[in-house]
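Structure record follows, encoded as structure tokens.
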Amino acid sequence: MSQPTLDQIRREIDAVDDAIHDLLMRRAELGEQVVAAKNGAAPGAPRLRPAREAAILRRLRARHAGALPFPVVGHIWREVITSFLNRQSPVEVAVWGGACRMAVWDAARTYFGVTTRFAPMPDAAAALARVASTAGGIGVLAFEPGGEPWWRLLADADGPGAGLQIFARLPFFMANDASVTAFAVAPVREDSGDETTLAVLHGAGGNEASGPGQVLARHAGTALVALPGFLSAGDPALERARAAHGAERATVIGGYANPIDAPLSEG
11 MSQPTLDQIR REIDAVDDAI HDLLMRRAEL GEQVVAAKNG AAPGAPRLRP
61 AREAAILRRL RARHAGALPF PVVGHIWREV ITSFLNRQSP VEVAVWGGAC
111 RMAVWDAART YFGVTTRFAP MPDAAAALAR VASTAGGIGV LAFEPGGEPW
161 WRLLADADGP GAGLQIFARL PFFMANDASV TAFAVAPVRE DSGDETTLAV
211 LHGAGGNEAS GPGQVLARHA GTALVALPGF LSAGDPALER ARAAHGAERA
261 TVIGGYANPI DAPLSEG
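Residue numbers (our numbering): 11 to 277.
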């Protein structure tokens, strides 16, 4: 059998593109049905569903094959997901990039899409205050182990981070830029089934290296620790971590669906 000509291959590509476009338009129709269903939900029902979003991307990652890098596929789906999040109610993302301003901005833009409004913030406290005062507000803040300890503000019931939770770690596709870490915050948190919990240990005794979990940062008698699983206040695993680290108390400040390992080349 002879090899197809370049023109034949291009015609097939056009046909595949049309099929993909048809499916995207059908996906949009279903998304409109979701918008209608959520608009009919009880007042205060969550619009942002990080667990559902993570589940969609993990399912696609598990079935993915071929030469197209999964981060490309994941980026397409993030655009689709966030476009309909904005259809339900407009989203604003307040971004504070710390010492990696452009890289954090890029990570936020990649995750929350081109249809989302972004607002650069002069410091972490301003970003948290903006989220707390904005309907549909989300924050993306740079995290550096020795940098600004803004995570302490999430444990302060009277501070600008009161009521907010970390719900995502960026980049979500680790191959994008593993050297940059940012956390997304909002007044929501869900269990995706494969989670890491973040807690602030108050009055940590200095033996953090021997306790469970991973200590990400320390500041002024507190420590930020990452613990496996979806933990909440009163969880026995959280209490064991507090005791092992010699802390007086522990405050959960959120967590995140564990990022997807997605190399830029599948070969």
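Using N, Cα and C, we set each Cβ at its ideal position, and we do this for glycine too.
Fair warning: this is a prediction, and the values are worked out from it, not measured in the lab.
{"Asked": "Checking 9 Å against the spacing of the C-beta atoms, do F122 and V141 come in under that value?", "Found": "no"}
{"Asked": "Do the region 225-244 and the region 166-175 make contact, defined as three or more Cβ pairs closer than 8 Å?", "Found": "no"}
{"Asked": "Using 9 Å as the threshold, is the C-beta distance between A109 and A165 below it?", "Found": "no"}
{"Asked": "I think L67 touches G84, with their Cβ atoms under 8 Å apart; what is that distance to the nearest whole Å?", "Found": "6 Å"}
{"Asked": "Who does Q175 pair with in a DSSP beta bridge?", "Found": "A196"}
{"Asked": "Measure the alpha-carbon distance for R36 versus T92 and round it to whole angstroms.", "Found": "16 Å"}
{"Asked": "Which class does E22 belong to by DSSP, given the choice of helix, strand or coil?", "Found": "helix"}
{"Asked": "Is it true that the region 113-127 meets the region 191-208, where meeting means three or more beta-carbon pairs spaced less than 8 Å apart?", "Found": "yes"}
{"Asked": "Let me know the secondary structure DSSP gives E102 once reduced to three states.", "Found": "strand"}
{"Asked": "Going by C-alpha to C-alpha distance, which of A267, A25, T126, D133 sits closest to W160?", "Found": "D133"}
{"Asked": "My understanding is that G239 touches A233, with C-beta atoms under 8 Å, so please give their C-beta distance in whole angstroms.", "Found": "No, G239 and A233 are not in contact; Cβ-Cβ is about 18 Å, not under 8 Å."}
{"Asked": "Mind checking whether P269 and R179 have CB atoms under 9 Å apart?", "Found": "yes"}
{"Asked": "First and last residue of the alpha helix (DSSP H) that includes L226?", "Found": "No alpha helix (DSSP H) contains L226, which is instead part of the beta strand (DSSP E) from 224-229."}
{"Asked": "Between A64 and N96, what straight-line distance do the alpha-carbon atoms span, to the nearest angstrom?", "Found": "18 Å"}
{"Asked": "Taking the beta strand (DSSP E) that E205 belongs to, which residues open and close that run?", "Found": "205-212"}
{"Asked": "Near D272, which residues of its chain fall below 6 Å by C-beta distance, leaving aside the five closest residues on each side in sequence?", "Found": "One point to set straight first is that residue 272 is Ala, not Asp, in the sequence displayed. The answer, listed in chain order, is F80, P81, F183, A185."}
{"Asked": "From this set, R62, L208, P222, A25, which residue's C-alpha is nearest A243's C-alpha?", "Found": "L208"}
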